[in-house]
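> First the structure, which I've put down as structure tokens, then a few questions once you've had a look.
Protein chains: 2
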Amino acid sequence: MSLNKKINSNLPENKCSVSYTQRLIAGRWKLVIMWHLSQETRRFNELQKLLPGVSKGILTRQLREMEDDGLVHREVYKEVPPKVEYSLTKEGQEFLPILTSMGNWGAKHREKLEQKKNNK
Amino acid sequence: MSLNKKINSNLPENKCSVSYTQRLIAGRWKLVIMWHLSQETRRFNELQKLLPGVSKGILTRQLREMEDDGLVHREVYKEVPPKVEYSLTKEGQEFLPILTSMGNWGAKHREKLEQKKNNK
DNA sequence: CCGGATCCAATATGATACTG
DNA sequence: CAGTATCATATTGGATCCGG
Chain A
8 MSLNKKINSN LPENKCSVSY TQRLIAGRWK LVIMWHLSQE TRRFNELQKL LPGVSKGILT
68 RQLREMEDDG LVHREVYKEV PPKVEYSLTK EGQEFLPILT SMGNWGAKHR EKLEQKKNNK
Chain B
8 MSLNKKINSN LPENKCSVSY TQRLIAGRWK LVIMWHLSQE TRRFNELQKL LPGVSKGILT
68 RQLREMEDDG LVHREVYKEV PPKVEYSLTK EGQEFLPILT SMGNWGAKHR EKLEQKKNNK
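Keeping their order, the protein sequence lines are chains A and B. Residue numbers for the first sequence follow the numbering used here, beginning at 8 and rising by one. Residue numbers for the second sequence follow the numbering used here, beginning at 8 and rising by one.
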């Protein structure tokens, strides 16, 4: 099948690109952040409320890393009190189909996989 | 666009499934292992050679986790010396398109993203 | 050959207090 | 409001030694 041929044809390059992509999204909250930014721009406080259990420090750090990695744009409004809005860059947006695929795959296999697990 | 509608329509379920999927593939070597199993069954020693830098202990652990998670099948041949072959389960195989997408996304954006990084 | 068990180092995450 | 700084904790990866 042509999919397999395609996978096969550029195996080593793709392997590295896969690892690269994996590193970019490795953080505990990054994919969920991307998810919440997929529909609309969000302020820092909004994100914190949407992500129960994350602390300010770690949320800040993951957002900074995503910004440094070019996935997220950070817009600072010089007001008092401060207002900062986060959104996805073009690159970030182009990752969304993969996010959707991961969600679909997980939804499809979760039940079956957890059954296997419990039968051990 | 229908893609956005689809993303929007089942946001919370998908979010959880995304996190679930993320946990399954979170290990340092798991995606690369899947990659090397995508074309053919591999023996333990083969995998170790294909993954420079991984130690036996950690390779064993990641393979066990993937087996427990239903991604990888482990076939033990009762011979002396022992022979163990690893392959992808059906669920693992169905993840391959996502792996390919991640590779393609990384290959497409890597250069651009790293330029952004260096301009900081 | 294929691991299990153990211990240690590195990294990631979380809680808390403080600040422009 | 949106952070920074610091310390504590949890998770992960790696090295080493031992066993069927």
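Glycine is no exception: its CB is placed at the ideal position from the N, C-alpha and C atoms. It should be emphasised that the depicted structure is a prediction, and the values quoted were computed from it without experimental measurement.
1) Which stretch, first to last residue, makes up the beta strand (DSSP E) that contains L95 (chain B)?
2) My parser needs the alpha helix (DSSP H) runs of 4 or more residues fully inside the region 36–109 of chain B; what are they?
3) Under 8 angstroms between beta-carbons, which chain A residues line up against K119 (chain B)? List them in chain order, please.
4) Only counting the same chain, and skipping five residues up and downstream in sequence, which positions put a Cβ closer than 6 angstroms to that of L103 (chain A)?
5) Would you identify the three-state DSSP class for G34 (chain B), choosing helix, strand or coil?
6) Take K37 (chain A) and list the residues in its own chain whose beta-carbon comes closer than 7 angstroms to its own, dropping the five residues that flank it on each side.
7) Spatial neighbours of N17 (chain A) within its chain, please: CB distance less than 7 angstroms, with the 5 preceding and 5 following residues excluded, ordered by chain position.
8) Compute the Euclidean distance between the alpha carbons of R49 (chain A) and K90 (chain A), then round it to the nearest angstrom.
9) Touch check for the region 104–123 of chain A and the region 55–71 of chain A: three-plus C-beta pairs under 8 angstroms?
10) Determine, for W112 (chain B), whether the minimum Cβ-Cβ distance to residues of chain A falls below 8 angstroms.
11) Just the chain B side, please: which residues come within less than 8 angstroms of Q55 (chain A) by C-beta, in chain order?
This is what the structure gives:
1) Position 88 of the second sequence, counted from the start, is the residue given in the question as residue 95 (chain B). Its beta strand (DSSP E) spans residues 90–95.
2) DSSP runs (the alpha helix (DSSP H)) wholly in the region 36–109 of chain B: 37–46, 51–57, 63–75.
3) Translated into positions along the second sequence, residue 119 (chain B) becomes position 112. In chain order: G77, E98.
4) Taking the first sequence and counting its residues from 1, the one referred to as residue 103 (chain A) is at position 96. Within the same chain, Cβ atoms closer than 6 angstroms to the Cβ of L103 (chain A) are found at S45, the five residues on either side in sequence being excluded.
5) As a first step, residue 34 (chain B) must be located in the second sequence, where it is residue number 27. Coil, per DSSP.
6) As a first step, residue 37 (chain A) is located in the first sequence; it is residue number 30 there, counting from the start. Apart from sequence neighbours up to five positions away, the residues of its chain that approach K37 (chain A) with a beta-carbon distance below 7 angstroms are Q69, M73, ordered along the chain.
7) Start at 1 with the first residue of the first sequence, and residue 17 (chain A) comes out as number 10. Here N17 (chain A) scores only 42 on pLDDT, less than 50, and its place in the model should not be relied on; the value that follows carries that caveat. Answer for N17 (chain A): no residue qualifies.
8) Residue 49 (chain A) sits at position 42 when you count from the first residue of the first sequence. Residue 90 (chain A) sits at position 83 when you count from the first residue of the first sequence. Taking the straight line from one Cα to the other gives about 10 angstroms.
9) no
10) Numbered from its first residue, the second sequence carries residue 112 (chain B) at position 105. By this cut-off, W112 (chain B) is an interface position.
11) Your numbering for residue 55 (chain A) matches position 48 in the first sequence. Going along chain B, no residue has its Cβ under 8 angstroms from Q55 (chain A), so there is no contact; the nearest lies around 16 angstroms.
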